[in-house]
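*Asks:* This structure is in C-alpha cells; I'll ask about it shortly.
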Amino acid sequence: MQAAALTEQKKVEEFRSRIIRDPLHDLIRIDNREILEVMHAPAFQRLRQIRQLGLAFLVYPGAEHSRFIHALGAYHLSICMIEALRKQNNTLFTEAELLAIPLAALCHDIGHGPFSHLFERVTKEFVDDGASHESWTVRILEEQPEISKILEAAGVKQIITEIIKHTYEKLHVQDIISSQLDVDRFDYLCRDSLMTGVKYGDLDLSWLLRTVKVAETSVGGQNRSVLALDARRGMSAVEAYILGRHHMYKHVYYHKTIRSAETMLKKLLTEVVKATRDGKLKDSLTHPVFSSLAKAQVPSLDDYLTINDFVILNMLEQWAQCGVEPVADLARRLRKRDIFAAIVVPEKITSDIQKGHDAIEKTKKFLKEKQLDPDIYYIYDTPQDTAYKDLYHYQRRGKEDEAQDLYCVDGDKVFTLSSRKTFLSELEYIEHRVYVPKEFENEIRGFW
Amino acid sequence: MDFSERLEKLKILLSAAGNTVQGRKKLQKLAYLCQAAGEPLGQSFTFYHYGVYSPTLADDVRAAASMQLIDEFDGLGTVITKLKAPVAVAPTKGYALVQKLKDKEARLLEVLTTILYLKSQGYTDAALNSKLTALKGQHSEFFAEAFELAQTEFSMGQPQRC
Chain S
7 MQAAALTEQK
17 KVEEFRSRII
27 RDPLHDLIRI
37 DNREILEVMH
47 APAFQRLRQI
57 RQLGLAFLVY
67 PGAEHSRFIH
77 ALGAYHLSIC
87 MIEALRKQNN
97 TLFTEAELLA
107 IPLAALCHDI
117 GHGPFSHLFE
127 RVTKEFVDDG
137 ASHESWTVRI
147 LEEQPEISKI
157 LEAAGVKQII
167 TEIIKHTYEK
177 LHVQDIISSQ
187 LDVDRFDYLC
197 RDSLMTGVKY
207 GDLDLSWLLR
217 TVKVAETSVG
227 GQNRSVLALD
237 ARRGMSAVEA
247 YILGRHHMYK
257 HVYYHKTIRS
267 AETMLKKLLT
277 EVVKATRDGK
287 LKDSLTHPVF
297 SSLAKAQVPS
307 LDDYLTINDF
317 VILNMLEQWA
327 QCGVEPVADL
337 ARRLRKRDIF
347 AAIVVPEKIT
357 SDIQKGHDAI
367 EKTKKFLKEK
377 QLDPDIYYIY
387 DTPQDTAYKD
397 LYHYQRRGKE
407 DEAQDLYCVD
417 GDKVFTLSSR
427 KTFLSELEYI
437 EHRVYVPKEF
447 ENEIRGFW
Chain V
29 MDFSERLEKL
39 KILLSAAGNT
49 VQGRKKLQKL
59 AYLCQAAGEP
69 LGQSFTFYHY
79 GVYSPTLADD
89 VRAAASMQLI
99 DEFDGLGTVI
109 TKLKAPVAVA
119 PTKGYALVQK
129 LKDKEARLLE
139 VLTTILYLKS
149 QGYTDAALNS
159 KLTALKGQHS
169 EFFAEAFELA
179 QTEFSMGQPQ
189 RC
C-alpha cells in the first residue's frame, strides 16, 4: 500500500509536457496530466489497433491511420478552438469545461470496435440496444475502472459523459465535439484526405478556426448559445469545407470497392456469429464477443475491449480454412481481395417498382442456380452523401425539420446556412448499387 | 438490418401513421417511439438539437422518395411525407403505438421521446426532470401529458418533481 502510494507520488512529481509529432498538425502538445493518463490507459491505447477508415486501405493503400491518431488530432483542434473562442470572450467556459472539452475530444471515439462503424452494424443484427459506438464510449467512460477513475478524480466525468450523450445544456460546449463545426469532422476530413491522397478534403483549417464564434440564437423556441461561423470572414472557407466533404463521401467513404468489401466483411462477421450460435465453429475460431452476440447478449466491456482490427484480420486466415460455409468462402475472398463487383442500378429501374422487383428476382434465381445463397451473395446498397444533407436536404423546405444545421453570424444577426441559397444546395448524391460475386458480374449485369 | 428490410419497415410505419406524416421531425419521433415499444426498425438514434434523430432514417426516406415509393411535398412550412401504396400494418405493440400517437402534436412527441432517451441514458427521477427542463423547457406545457404517456405506454414511473 505504501509502495503504491509512493509510486503514485512519483507519477505526480514526474509529470511533464509531451510533444507528439503528427503528419497533419505537426506538433501536438500534451500539457495536461489527465490527458496523458487517459492516453496511456489500455482502453485508449487499443485505438491504435482500429483503423480510422475500415477497409479503405484496400483501395487507398495509405489509409492505414488509426482511431488513435484521429483522437489526438481532435484533442489538438479542441485546444485550438477553445483558445480562439476565449480570445473573443474569456468567460465562455468554466474551469471544469476547459479540462472536459479536450478530454471529451480525446475520448469521443473510444468506444469504436473493429473497423470502426462496420462492427456496429454487425452487433445491431443481434442486439437491439447498446450496440452503437457512442454507447460503448459512455460505458468505457463510466465503467472502465482506469478511465473512470481519472475522469472522476478530475471532477469532469459527468460533463464529459453528458457531452457524449448530447445532453449537455451549454450547446456551444457540446458543439465543439459534435456539430457541423466540430473538431471531429475537421480532423477526420483533413486526415483522411492526407492519408488517402484524395486532395478534395483538404480544408482551410486555420482560417476556419479563426472564424468560429459563439452566438445566441433560438433553438426550437429556446434561447441557446451555439457555435457559429463568422459569415463575413468565413463563408468561402465553409463552402470549401462542405464541398470537400461532399467529394470525400463520393470518392472515399462511399467508394464502390470499399463499400463492397465492408458489406462482405459485415456478412462474414454476421455468419461467424450465427455459426458460433449453431455450434459449428470451435472455440478457437470464435471470440467471446461473438459468443455473447450469438446469445443475443451485449458483450461484456472487458471482452469488447479485447477485439480489434488485428484480431479480426488474424482470424480471417483461420476462417478461410475452417471448412464452414459461407464463412470460409467469404474469408477466402477477402484475403485474396476478391471483392464483389458493384453494379450501379440505372434510374429506369430505381424509379420503377416492378422492374426493380424483376431484376432482384432474376438475380436471386441466378445465384440459387449457381448454388449460392442470395442472402449472402447479393447485396443492395444505397450510399448517400452526408456531406451536405444535414445542411440542405433536410431543412431547405421547412425549418422545423432541422437536425444539425450550421449557424452563421453576421453582426448581431444569426441565421442558418441552409436558409441562404448557395451553390451547395444543388449538390445531391445518391446511388443504388448491387454487389455480387465478380465471376458472375457480366451475367447479372444483364438483369439490371 | 439491411436497406431493403428497413424500407419495408418504413412502409409499414407510414401505413400505421395513416400513410401521411406532416413534418420530418414528427416522422423521426414516431419511428423512435415505435422502436422503443419493441418494433425493430433498424434505426440508431442520437440526440441532436431537436431531440432524437436517426440519420439513417432520413437517408432511407430520401432513398424511398428517389424510388418513387413515397412523395415528399411542402405543407404549411413542413415537409409532408406520403406513402404512395399503403401496406398491411402488422399487429405489434410498436405499430399500434404509432396508430395511437399519429395525430398528436410533434412537440409532445419531442418531449416524450426526450424523456425516453434520457431514461435510456441513465437519468432517473429528479435528474431526469431537471435535464428535461433544461433541454426542452420551451415545451413545458406538454410535460404532464408526455410523462403520463411514458407511464402508460412504457411503464415508466413518474419522476420526482424538482
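For the protein sequence lines, the chains are S and V, in the order given. To convert, count from 1 in the first sequence and add 6; that's the working numbering. To convert, count from 1 in the second sequence and add 28; that's the working numbering. Beta carbons are placed, not taken as given, at the ideal position from N, Cα and C, and that holds for glycine.
1) Quick one, are the C-beta atoms of A347(S) and K444(S) less than 7 Å apart?
2) Taking 7 Å as the threshold (C-beta atoms), are K272(S) and L6(S) in contact?
3) Could you tell me whether the region 44-57 of chain S touches the region 182-201 of chain S, using the rule of 3 or more Cβ pairs below 8 Å?
4) Please list the partners that I436(S) has in chain V, where partner means a Cβ-to-Cβ separation under 9 Å.
5) Mind checking which residues open and close the alpha helix (DSSP H) that includes E40(S)?
6) For F118(V), which residues in chain S fall below 9 Å Cβ to Cβ?
7) Going by C-alpha to C-alpha distance, which of H71(S), V317(S), F316(S), S424(S) sits closest to M201(S)?
8) Quick one: list the residues of chain S neighbouring L177(V), beta-carbon separation under 9 Å, in chain order.
9) Comparing alpha-carbon positions, which option in I166(S), A106(S), I116(S), I75(S) lies nearest I85(S)?
10) Any C-beta of chain S sitting closer than 7 Å to the C-beta of A155(V)?
11) Tell me where the alpha helix (DSSP H) around K262(S) begins and ends.
12) Using only the alpha-carbon positions, how far apart do Q179(V) and Y260(S) sit?
13) Just the chain S side, please: which residues come within less than 7 Å of A59(V) by C-beta, in chain order?
14) Using the beta-carbon of each residue, which ones in chain V are nearer than 9 Å to E175(S)?
15) What is the rounded straight-line gap between the Cα of Y203(V) and the Cα of H172(S)?
16) Would E169(V) be called buried (16 or more neighbouring beta carbons within 10 Å of its own) or exposed?
17) Indicate the three-state DSSP secondary structure (helix, strand or coil) for L311(S) in the structure shown.
18) Let me know if N314(S) comes out buried or exposed under the rule of 16 or more other beta-carbons within 10 Å of its beta-carbon.
19) Output the distance between the C-alpha atoms of G240(S) and T97(S), rounded to the nearest integer angstrom.
20) In chain V, what lies closer than 9 Å to Q186(S) by C-beta?
21) In whole angstroms, what is the alpha-carbon distance linking D358(S) and A93(V)?
22) For the candidate residues E173(V), F175(V), K164(V), whose alpha-carbon lies nearest to that of S224(S)?
23) If you measure between the beta carbons of K128(V) and L146(V), is that distance less than 7 Å?
24) At a Cβ cut of 9 Å, what residues of the region 365-388 of chain S count as close to chain V, listed as they run along the chain?
25) So A111(S) packs on L311(S), CB below 8 Å; how close in whole Å?
26) Based on Cα-Cα distance, which residue from L319(S), D289(S), I349(S), P294(S) lies nearest to V440(S)?
27) Using 7 Å as the threshold, is the C-beta distance between L5(S) and H178(S) below it?
28) What is the DSSP secondary structure of S184(S), counted as helix, strand or coil?
29) Measure the C-alpha to C-alpha separation of F453(S) and I366(S) and round it to an integer number of angstroms.
30) Could you tell me which of I41(S), S122(S), T269(S) sits nearest to A337(S), measuring between CA atoms?
31) With a floor of 3 residues, list each beta strand (DSSP E) that falls wholly inside the region 327-377 of chain S, ordered by position along the chain.
32) Compare the beta carbon distance of T388(S) and F31(V) with 7 Å and say whether it is the shorter of the two.
33) Please list the partners that D134(S) has in chain V, where partner means a Cβ-to-Cβ separation under 7 Å.
34) Examine the Cβ distances between the region 194-214 of chain S and the region 146-158 of chain S and report whether three or more of them are shorter than 8 Å.
35) Taking all protein chains shown into account, do 16 or more other C-beta atoms lie within 10 angstroms of the C-beta of Y140(S), making it buried, or fewer, making it exposed?
*Replies:* In short:
1) Remark: C-beta atoms of A347(S) and K444(S) approach each other more closely than 7 Å.
2) Nothing can be reported for residue 6(S): it is not among the residues displayed for chain S, which extend from 7 to 454.
3) no
4) What I436(S) touches in chain V: D87, R90, A91, S94.
5) 39-46
6) The sequence shown places Ala at residue 118(V), rather than the Phe named in the question. Simply none; closest approach about 17 Å.
7) H71(S)
8) Chain S residues near L177(V): none, gap ~20 Å exceeds 9 Å.
9) A106(S)
10) no
11) 262-283
12) 43 Å
13) Neighbours of A59(V) on chain S: none; closest Cβ ~14 Å, over 7 Å.
14) K159, A162, L163
15) This structure cannot settle anything about residue 203(V), because the visible part of chain V is limited to 29 through 190.
16) exposed
17) coil
18) buried
19) 23 Å
20) Here the premise fails: no neighbours, minimum Cβ distance about 11 Å.
21) 12 Å
22) K164(V)
23) no
24) I366, I385, Y386, D387, T388
25) That pair is no contact at about 21 Å.
26) I349(S)
27) Because chain S is modelled from 7 through 454, residue 5(S) falls outside the range shown and cannot be assessed.
28) coil
29) 8 Å
30) T269(S)
31) 347-350
32) Going by C-beta atoms, T388(S) is nearer than 7 Å to F31(V).
33) P68
34) Judged by Cβ distances under 8 Å, the region 194-214 of chain S makes no contact with the region 146-158 of chain S, as fewer than three pairs qualify.
35) Note that residue 140(S) is Glu in the sequence shown, not Tyr. E140(S) should be labelled buried.
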